[in-house]
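S.K.: Numbering (the numbering used here), first residue to last: 4 to 226.
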Amino acid sequence: FPFAAMDGRSGAEQKRLQQEEDHIITRLKACVAGLYLEVQAVSEGDASGRPVLDEAAIYSYHFLETPPAESILMQASPIVLPLPTGLATEVFIPLRSDRPHQRKSKLQFADLRDPEKLFELEAILYDYGLLDAQSRFIKNKAKSHNKLMASVYHVIVEAGIFGKHFIGSKQPIKSADIRAWLDRRYETNLSQEFRKLTPEDHEFARIKLPFLDLDSRFRKYRF
C-alpha cells in the first residue's frame with residue numbers, strides 16, 4: 004500500500020499492513036532467487052560468461068542485502084515419470100495354461116474365473132516392460148520393477164480374476180495362494196517386496212503405471 008493509503012488507519016492496522024507487505028516482498032525475493040538458481044543449473048554457467056551465484060550472492064548482488072538467516076527455499080522432490088511404453092518389438096502371446104515345468108500348487112490355471120482379464124493385464128505389463136514375450140518377469144532394479152510388480156499383485160488379487168473358491172471345493176482361495184501362483188507363472192519371487200510395500204510404494208506405482216488408475220478393468224482396488 005502507498006503511504007497515502009495509510010492515512011486514517013490506526014497504528015496497529017498500519018503495522019499489520021506493513022508486515023503483510025514485508026511478507027509478500029520476502030516471498031517474491033525468494034521466488035526470484037529460486038528461479039535464478041533453477042535457470043543457472045540448466046544453463047552453461049561459466050561458459051556463458053555469466054557469474055555463477057549461490058543464494059547469498061544473489062541477495063547481495065541483486066537485492067543489495069543479506070539473505071534471511073534461514074533460507075525459505077526448499078529442494079523440490081524429484082519428478083516421478085511413468086514408465087515408457089510401446090518399446091517391445093515382439094507380439095505378446097499370453098500363456099494360456101500353467102507352465103509345463105511349473106511345480107504343482109494348490110492354485111491351478113483352471114481356477115481362474117476370468118483368464119481373459121489376466122491376459123489383458125499381462126499385455127499391458129508387457130508393453131511397460133515388466134514382462135517379456137513369454138510372460139516372465141523382467142527384473143530391473145533401476146526402474147523399481149520389483150516394487151511395481153508387487154503392487155500389481157495387489158491389483159490381481161482384488162480384480163476378480165480368480166473365483167472365491169477352488170474348483171470343485173468349498174475351500175477359499177487366499178491372497179497368499181494367488182501370489183504364490185503368480186510367482187510361479189512369472190518365474191520370480193516377490194514375497195519379500197510384497198510384505199514390505201508401503202502406501203508410498205503404491206502411490207509410486209500409480210504414477211509409474213498410470214493404467215492402474217485410468218483403466219476401469221483394474222481400478223477396483225484402492226491402495
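Even glycine gets a Cβ: it sits at the ideal position worked out from N, Cα and C.
This structure is a prediction, so every number in the text was calculated from the model and none was measured.
Which residue comes first and which comes last in the alpha helix (DSSP H) that contains residue 149?
M.R.: The residue you call residue 149 lines up with position 146 of the sequence shown. Unbroken alpha helix (DSSP H) run through residue 149: 148-161.
S.K.: Look at residue 167 and residue 159 and say whether their C-beta atoms are less than 8 Å apart.
M.R.: The residue given as residue 167 occupies position 164 in the sequence shown. The residue given as residue 159 occupies position 156 in the sequence shown. For residue 167 and residue 159, no; Cβs fall outside 8 Å.
S.K.: What first and last residue would you give for the alpha helix (DSSP H) that runs through residue 207?
M.R.: The residue given as residue 207 occupies position 204 in the sequence shown. First-last of the alpha helix (DSSP H) with residue 207: 202-211.
S.K.: If you draw a straight line from the C-alpha of residue 52 to the C-alpha of residue 42, how long is it?
M.R.: Residue numbering aside, residue 52 sits at position 49 when the sequence shown is read from its first letter. Residue numbering aside, residue 42 sits at position 39 when the sequence shown is read from its first letter. Distance between the alpha carbons of residue 52 and residue 42 is about 14 Å.
S.K.: In its own chain, which residues sit with a C-beta less than 7 Å from the C-beta of residue 112, not counting the 5 before and 5 after it?
M.R.: Translated into the one-based positions of the sequence shown, residue 112 becomes position 109. The answer, listed in chain order, is 100, 101.
S.K.: Count the other C-beta atoms from every protein chain shown that fall within 10 angstroms of the C-beta of residue 18, then say buried if there are 16 or more, exposed otherwise.
M.R.: Within the sequence shown, the letter at position 15 stands for residue 18. The residue is exposed, with fewer than 16 neighbouring Cβ atoms inside 10 Å.
S.K.: Could you tell me whether the Cβ atoms of residue 86 and residue 132 are closer together than 8 Å?
M.R.: Locating residue 86 in the sequence shown gives position 83, where the first residue counts as 1. Locating residue 132 in the sequence shown gives position 129, where the first residue counts as 1. For residue 86 and residue 132, yes; Cβs fall inside 8 Å.
S.K.: Does the segment 130-149 come close enough to the segment 69-83 to have 3 or more Cβ pairs within less than 8 Å?
M.R.: No, because fewer than three Cβ pairs between the segment 130-149 and the segment 69-83 fall closer than 8 Å, the two stretches do not touch.
S.K.: Report, in whole angstroms, the separation of the C-beta atoms of residue 130 and residue 88, which I expect to be a contact under 8 Å.
M.R.: Numbered from its first residue, the sequence shown carries residue 130 at position 127. Numbered from its first residue, the sequence shown carries residue 88 at position 85. At roughly 5 Å, the Cβ-Cβ gap stays under 8 Å, so residue 130 and residue 88 are in contact.
S.K.: Can you tell me whether residue 104 is helix, strand or coil according to DSSP?
M.R.: Residue 104 sits at position 101 when you count from the first residue of the sequence shown. Coil.
S.K.: Does the beta-carbon of residue 75 have 16 or more other beta-carbons within 10 angstroms, so that it is buried, or is it exposed?
M.R.: Taking the sequence shown and counting its residues from 1, the one referred to as residue 75 is at position 72. That one is exposed.
S.K.: Please name the residue, chosen from 127, 14, 58, 37, that lies closest to residue 217 on a Cα-to-Cα basis.
M.R.: The residue you call residue 217 lines up with position 214 of the sequence shown. Ranking 127, 14, 58, 37 by Cα distance to residue 217 puts 127 first.
S.K.: Relative to the C-alpha of residue 142, which candidate in 63, 193, 78 has its C-alpha closest?
M.R.: If you number the sequence shown from 1, residue 142 lands on position 139. Closest option to residue 142, Cα to Cα, is 193.
S.K.: Extract the residue ranges of the alpha helix (DSSP H) inside the segment 82-143, only unbroken runs of 4 or more that lie entirely within it.
M.R.: DSSP runs (the alpha helix (DSSP H)) wholly in the segment 82-143: 118-130.
S.K.: Apart from the five residues on each side of it in sequence, which residues of its chain come closer than 8 Å, Cβ to Cβ, to residue 116?
M.R.: As a first step, residue 116 is located in the sequence shown; it is residue number 113 there, counting from the start. Taken in chain order, the residues that qualify are 163, 164, 165, 166.
S.K.: Quick one: what's got a C-beta closer than 8 Å to residue 220's C-beta in the same chain, skipping five residues either side?
M.R.: Within the sequence shown, the letter at position 217 stands for residue 220. Excluding sequence neighbours, residue 220 sits near 120, 123, 124, 162.
S.K.: Going by alpha carbons, who is nearest to residue 205 out of 13, 155, 169?
M.R.: What you label residue 205 is simply residue 202 of the sequence shown in a count that begins at 1. Of the listed residues, the one whose Cα sits closest to residue 205 is 155.
S.K.: Measuring CA to CA, which of 44, 136, 33, 114 is closest to residue 173?
M.R.: Numbered from its first residue, the sequence shown carries residue 173 at position 170. Cα-wise, what sits closest to residue 173 is 114.
S.K.: Report the residue from 210, 40, 110 whose alpha carbon sits nearest the alpha carbon of residue 79.
M.R.: Sequence index remark: in the sequence shown, residue 79 carries index 76 (1-based). The option with the nearest alpha carbon to residue 79 is 40.
S.K.: Spell out the partners DSSP gives residue 165 in its beta bridges.
M.R.: Position 162 of the sequence shown holds residue 165. For residue 165, which the question treats as bridged, DSSP gives the partners 115.
S.K.: What residue range is occupied by the uninterrupted alpha helix (DSSP H) comprising residue 73?
M.R.: Counted from its first residue, the sequence shown places residue 73 at position 70. Taken as a continuous stretch (DSSP letters only), residue 73 belongs to no alpha helix (DSSP H), as it is neither H nor E.
S.K.: With a threshold of 16 other CB atoms inside 10 Å of the CB of residue 157, please say whether the residue is buried or exposed.
M.R.: Stepping through the sequence shown from its first residue, residue 157 is reached at position 154. Burial call: buried.
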